[in-house]
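I have placed the structure first, in the form of structure tokens, so that the comments after it can refer back to it.
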Amino acid sequence: MKVYQSVLLLFCCQFLYTLALDCSVMSGNLKQIDAGSGSVVGVNNLNEVFVLIDNVFTKISGSLKHFSVGPAGQLGVNQANNIFKFQSGMFIHFPGLLKQVDAGGDQIIAGVNMNDDIYCLNMDANNKWPSSTTPWVKLNGKLKYYSCGPYSCWGVNRNDQIYIMKDVSSNACSGSNSFKNIPGLLSMIEVATDGSIFGVNFQGNLYQRTGETHSKPEGTDWISMVACPNGHKHEK
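Letter by letter, the sequence shown follows residues -20 to -1, 1 to 216 in mature numbering (1 follows the signal peptide of the UniProt record, and there is no 0).
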């Protein structure tokens, strides 16, 4: 989520019928922000890296264009598309090349490279690294952004078309290995660690997917939400 004057963190106790969220304004400027597993991280226009500590965004050592946090750990990519994992208080180079990485799945890593090729890494390979190899699994298709939750992964392509990968698990990050198109157009999409799905279109409008369950991960409808008064944007 790109924020020019301030960082907006969305604190939502429950989704009311009005779909309005109670927002708190946080001081700071970030071009991309992510939250998961109790942590909030982000990067600014200078690719400086920040972590929210005691309600203050604290700069940590490193340079990243995209930073993700979740059950799979804290992972990011730099301008050269190198992948880094935050371990033992420092960023350690992780095998592979991605322009966008996601840590929100059930200890699996997912992302897309500079050619919009889609990759994922199963839990065992992620958790055993660096003592073992990292056999990235390439998925069929092309996406510009890819995000995973506990039982499904969602992505959008260059035409803003939306796709879901079902049957994803910690030991089968490729899921059904067949993407299903979901009606609608979004320029960016994120799956929360509880399975909730949110997206932003090219006009900066925010949407949430409704009706998603473990047995029906694709859900039923998109519902418009009111959060940031000046719209929403995500760094591409």
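Even for Gly, the Cβ is constructed at its ideal location relative to N, Cα and C. Just so you know, these numbers come straight off a predicted model, no measurement behind them.
Collapsed DSSP secondary structure at residue i in the structure displayed
| i | result |
| --- | --- |
| Asn161 | strand |
| residue 217 | The requested residue 217 does not occur in the structure, where the chain is confined to residues -20 to 216. |
| Ala83 | coil |
| Thr200 | coil |
| Lys146 | coil |
| Ala15 | strand |
| Glu28 | strand |
| Ile98 | strand |
| Gly53 | strand |
| Ser7 | coil |
| Leu186 | strand |
| His194 | coil |
| Lys(-19) | Unreliable placement is indicated for Lys(-19), whose pLDDT of 36 sits below 50; no coordinate value is reported for it. |
| Ser132 | coil |
| Gly179 | strand |
| Ser48 | strand |
| Gly121 | coil |
Residue range of the beta strand (DSSP E) that includes residue i
| i | result |
| --- | --- |
| Lys108 | It is not in any beta strand (DSSP E) - Lys108 instead sits in the alpha helix (DSSP H) that spans 103 to 108. |
| Tyr126 | 125 to 128 |
| Ile40 | 36 to 43 |
| His73 | 70 to 77 |
| Thr173 | Where Thr173 is concerned, there is no enclosing beta strand (DSSP E), given that its DSSP letter is neither H nor E. |
| Trp116 | No beta strand (DSSP E) holds Trp116; DSSP gives it neither H nor E. |
| Ala90 | 89 to 92 |
| Phe66 | 62 to 67 |
| Arg138 | Note, Arg138: premise wrong, no beta strand (DSSP E); not H, not E. |
Rounded distance between the beta-carbons of residue j and residue i, thought under 8 angstroms
| i | j | result |
| --- | --- | --- |
| Leu101 | Cys133 | Between Cys133 and Leu101 the Cβ distance is about 12 angstroms, and since that is not below 8 angstroms, they are no contact. |
| Gly53 | Ala83 | 6 angstroms |
| His46 | Val57 | 5 angstroms |
| Glu192 | Gly175 | 6 angstroms |
| Ser48 | Val20 | About 11 angstroms; that fails the 8 angstroms criterion. |
| Gly147 | Leu165 | A quick correction: the sequence has Asp, not Gly, at residue 147. 25 angstroms between Cβ atoms; not a contact. |
| Lys79 | Met94 | 5 angstroms |
| Leu123 | Val92 | 5 angstroms |
| Val29 | Gly42 | 4 angstroms |
Sub-8 angstroms separation of residue i and residue j beta-carbons
| i | j | result |
| --- | --- | --- |
| Ser150 | Gln87 | yes |
| Val117 | Tyr125 | no |
| Ile177 | Gly199 | yes |
| Asn25 | Lys39 | no |
| Gly129 | Thr173 | yes |
| Leu77 | Phe64 | no |
| Asn27 | Leu44 | yes |
| Asp187 | Met168 | Before going on, a small fix: residue 187 reads as Tyr here, not Asp. Cβ atoms of Tyr187 and Met168: not closer than 8 angstroms. |
| residue 221 | Tyr99 | Outside the displayed range of the chain (-20 to 216) lies residue 221, so it cannot be described from this structure. |
| Arg138 | Asp96 | yes |
| Gly22 | Ile33 | no |
| Tyr131 | Pro197 | yes |
| Ala105 | Ser112 | yes |
Near the ligand ATP: residue i beta-carbon under 7 angstroms from a heavy atom
| i | result |
| --- | --- |
| Ser68 | No copy of the ligand ATP occurs in the structure displayed, which carries no ligand at all. |
Neighbour flag for residue i against chain B, beta carbons, 8 angstroms
| i | result |
| --- | --- |
| Phe66 | Among the chains of the structure shown, chain B does not appear; only one protein chain is present. |
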